[in-house]
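Residue numbers (my numbering): 1466 to 1757. Using N, Cα and C, we set each Cβ at its ideal position, and we do this for glycine too. Single-structure report; data block below.
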Amino acid sequence: MAAGCAARPGVGVATLSTTVPASSALVLPAPGTLSIVSVIQRQYTNAVEQQIALSTSAATPGQNFISIQAFGPVETTAMPGGTLAFKPVQHSAIRSEIRAALPGRALAISSNFVRNSYGPFGYAYGRGAGDDGCLYGWQQIRADEADRGRLNSYGSIQIRLRVCQSGAGEKELVEMMYGYTIAGGFSGTTWNPYGTPAAVDSGIGGGEPLRVAIEERRAPATVVVETGTRVPAVRRQTEKRPVMRRAEALDGGDTVIVPSPTGGAVSETEGEAVVVPSPVCVTSSSGSTTCN
């Protein structure tokens, strides 16, 4: 009895969807754009589907995501989710997808022919809430019929991108379709949705060594700025000469000595002096002196 109630090998969770780590994502957004928030995986008998939620900072309701459906030889699981139907790209189906991903938003399907590293793709662009720009992109990756007939290029991939970003224009959002990377797939030689790689242009190389013109790297010119050295100004020192006193200077000139009428002190004059004649004085017998 107890043995009948024990868990049996292969028991799984009764759901078609499981959460896997971001490192298990089969497709990665363009570098430097949005980050991976979560990865929800659904496994079928003929395909693996992942919806990868991306960071969202827009005013438009809804979650940014990039999804992938990889059709190929799936390993046996305990509870597969049946068979996933392959749907070719049709405009009517794409319009239904746009309405489901961006309800109430008018997106115009671009008529431009664009292609990335995996081949041609399509997109629709329009305005979201506020100043949001919104894009819905799609791509089907599948080898040509001629390659599929060689039993080595089976399988296909479906890519969908839904993104709204504040202030983003059409050119900026389309770059996300150019820059995403498929990082996983199925093992085996028969699974190759990419087909035969395109041949290299015959004009490249021509059988001779292919050289790239490389310009010589020149060292940047060094600019030398000469700064003038200021020479300190030398103050001119005047020679100090002794100041001659007036009495000493009088000795060196042409001096005329005028005798005083009283025979007193001698007066000195400089330059051309006026000579005053001395008066004639007569002394009488009584001792008195008379001057004329």
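Near residue i, which residues of its chain fall below 8 Å by C-beta distance, leaving aside the five closest residues on each side in sequence?
i, result
"Ala1648", "Ala1490, Leu1491, Val1492 and Leu1493"
"Leu1567", "Thr1525, Gly1527, Gly1591, Gly1593, Cys1599, Tyr1601, Arg1627 and Cys1629"
"Glu1637", "Gly1598 and Gln1630"
"Pro1425", "Any answer about residue 1425 is impossible in this case: the structure gives the chain only from 1466 up to 1757."
May I ask which residues mark the beginning and end of the beta strand (DSSP E) holding residue i?
i, result
"Leu1626", "Ser1621 to Ser1631"
"Asp1597", "Asp1597 to Arg1607"
"Ala1535", "Phe1530 to Phe1536"
"Val1502", "Ile1501 to Gln1508"
Using the DSSP secondary-structure output, state which residues sit across from residue i in a beta bridge.
i, result
"Gly1584", "Asn1581"
"Ser1482", "Arg1507"
"Ala1589", "Ile1574 and Tyr1601"
"Val1492", "Ile1647"
Need the endpoints of the alpha helix (DSSP H) that residue i sits in, please.
i, result
"Ala1512", "That residue, Ala1512, is in no alpha helix (DSSP H); its beta strand (DSSP E) goes Ala1512 to Leu1519."
"Ser1557", "His1556 to Ala1566"
"Val1639", "Glu1635 to Gly1644"
Excluding the 5 residues flanking residue i on each side, which residues of the same chain have their C-beta closer than 7 Å to its C-beta?
i, result
"Ile1563", "Leu1572, Ala1589 and Tyr1601"
"Ala1633", "Gly1598"
"Gly1653", "Pro1538"
"Gln1516", "Ile1505, Phe1530 and Ser1532"
"Thr1548", "Tyr1509, Thr1510 and Asn1511"
"Arg1580", "Phe1586"
"Met1641", "Pro1494, Ala1495, Thr1498, Leu1626 and Val1628"
"Phe1551", "Phe1536 and Ser1621"
"Ala1487", "Ile1501 and Val1504"
If you count every other CB in all the chains shown that lies within 10 Å of the CB of residue i, and 16 or more means buried, which is it?
i, result
"Val1761", "The requested residue 1761 does not occur in the structure, where the chain is confined to residues 1466 to 1757."
"Asn1577", "exposed"
"Gln1604", "buried"
"Gln1555", "exposed"
"Gly1497", "exposed"
"Ala1608", "buried"
"Ala1523", "buried"
"Ser1732", "Caution is warranted here: a pLDDT of 47 is assigned to Ser1732, below 50, making its placement in the model unreliable, and the coordinate value is therefore given only provisionally. Per the 10 Å Cβ criterion, exposed."
Kindly list the residues whose CB is nearer than 6 Å to the CB of residue i, restricted to its own chain and excluding five residues on each side of it in sequence; keep chain order.
i, result
"Gly1620", "Phe1536, Gly1537, Trp1656 and Pro1658"
"Ser1482", "Ile1505 and Arg1507"
"Thr1646", "Leu1493"
"Ile1574", "Ala1589"
"Gly1595", "Ala1524"
"Gly1644", "Ala1495"
"Glu1427", "Any property of residue 1427 remains undetermined from this structure, which presents the chain solely from 1466 to 1757."
"Phe1651", "Gly1537 and Pro1538"
Our contact map puts residue i next to residue j with C-beta atoms below 8 Å; I'd like the distance itself, whole angstroms only.
i, j, result
"Val1504", "Thr1521", "Their Cβ separation, rounded to whole angstroms, is 15 Å, which puts Val1504 and Thr1521 out of contact at 8 Å."
"Pro1606", "Tyr1583", "Reading the sequence as shown, one finds Ile at residue 1606 and not Pro. Yes, they are in contact, since the Cβ atoms of Ile1606 and Tyr1583 sit about 5 Å apart, within 8 Å."
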